[in-house]
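Student: Here my numbering is used: the first residue of the sequence shown is 45, the next is one more, and so on.
Using N, Cα and C, we set each Cβ at its ideal position, and we do this for glycine too.
I have a structure here, written as structure tokens, and I will follow up with some questions on it.
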Amino acid sequence: MTLSLFDDEPPIELINYDGQVTCWQQLLSDHEATALFDELLNTSNWQQEEIEVYNKRHLQPRLTAWYGDYGVTADGGYKKLYQTVHFTPRLLALKSKIEMMTGYIFNCVLANLYRDGQDSVGYHADNEQILGLNPAIASYSLGATRRFLLKHNREPLQKVACELHHNSLMLMHGTLQHHWQHSLAKTQREVAPRINLTFRFVKPL
Numbered sequence: 045m046t047l048s049l050f051d052d053e054p055p056i057e058l059i060n061y062d063g064q065v066t067c068w069q070q071l072l073s074d075h076e077a078t079a080l081f082d083e084l085l086n087t088s089n090w091q092q093e094e095i096e097v098y099n100k101r102h103l104q105p106r107l108t109a110w111y112g113d114y115g116v117t118a119d120g121g122y123k124k125l126y127q128t129v130h131f132t133p134r135l136l137a138l139k140s141k142i143e144m145m146t147g148y149i150f151n152c153v154l155a156n157l158y159r160d161g162q163d164s165v166g167y168h169a170d171n172e173q174i175l176g177l178n179p180a181i182a183s184y185s186l187g188a189t190r191r192f193l194l195k196h197n198r199e200p201l202q203k204v205a206c207e208l209h210h211n212s213l214m215l216m217h218g219t220l221q222h223h224w225q226h227s228l229a230k231t232q233r234e235v236a237p238r239i240n241l242t243f244r245f246v247k248p249l
């Protein structure tokens, strides 16, 4: 199943069993969204982190940067939060808008920069203990449209695909991270850069 978020419609319930995925489009004005994209692209402290796959270290096929509230720290897989940059005014305004729309509170955001079609992220779940029992992840897209995939843990051949457009929001919540994995696959198409902001709440130490 593939859905587009570009139509002028109410929020879409993309998944509503074993967790929920809810989607909105056009959160900000065109001017605000473009200004935020340009600001993040040109001023974020982008880093290419390493990951371990089959006991070998590799560079992640994307760039990342952290923002958060003052005093937000964590350990383990979120050790980079010790170097979190405080929310910029534009990010803080976006966070407040998303919190008002979704009813969830967030204290940090992982920004991902997909430079071209070869940048990607493999199937995974955001189920780290520091995110809490049933974490809510609000994923806001800027820039090029990319295809987002979800697959159920018990039925991996059953996949849900969604085209994530500029200025759209996807909320993963409920028990979703226990039952589903998600990814952003590579594409052979020529695509412009995309920035993905994944707002989350990390339990303070």
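1) What are the start and end residues of the beta strand (DSSP E) that includes residue 180?
2) How big is the Cα-Cα spacing for residue 58 and residue 230?
3) Can you tell me whether residue 108 is buried or exposed, with buried defined as 16 or more other CB within 10 angstroms of its CB?
4) Is the beta carbon of residue 85 less than 9 Å from the beta carbon of residue 179?
5) Among all the DSSP beta bridges, which residues are the ones paired with residue 187?
6) Pull up the DSSP beta-bridge partners for residue 66, would you.
7) Can you tell me whether residue 221 is helix, strand or coil according to DSSP?
8) From 184, 105 and 77, pick the residue whose C-alpha is nearest to that of residue 162; which is it?
9) Roughly how many whole angstroms lie between the Cα atoms of residue 147 and residue 139?
10) State the Cα-Cα distance for the pair residue 130 and residue 214, rounded to the nearest angstrom.
11) Is residue 149 closer than 9 Å to residue 184 when the C-beta atoms are compared?
12) Roughly how many angstroms separate the alpha carbons of residue 188 and residue 102, rounded to a whole number?
13) Return the bridge partner residues of residue 244 from the DSSP annotation.
14) Using the beta-carbon count (16 or more within 10 Å), is residue 190 buried or exposed?
15) Using a Cβ distance threshold of 8 Å, determine whether the stretch 202-210 contacts the stretch 153-173, with at least three qualifying pairs required.
16) Roughly how many angstroms lie between the CA atoms of residue 226 and residue 62, to the nearest whole one?
17) Going by DSSP, what residues sit across from residue 109 in a beta bridge?
18) State yes or no: is the C-beta of residue 186 within less than 9 Å of the C-beta of residue 136?
19) Measure the beta-carbon distance from residue 79 to residue 134 and round it to whole angstroms, keeping in mind my assumption that it falls under 8 Å.
20) Using 10 angstroms around the beta-carbon of residue 69, count the other beta-carbons present and answer buried if the total reaches 16, otherwise exposed.
Tutor: For this structure:
1) No beta strand (DSSP E) contains residue 180, which DSSP labels as neither H nor E.
2) 22 Å
3) buried
4) no
5) 238
6) 57 and 215
7) helix
8) 105
9) 11 Å
10) 23 Å
11) no
12) 25 Å
13) 152
14) buried
15) no
16) 14 Å
17) 155
18) no
19) 7 Å
20) buried
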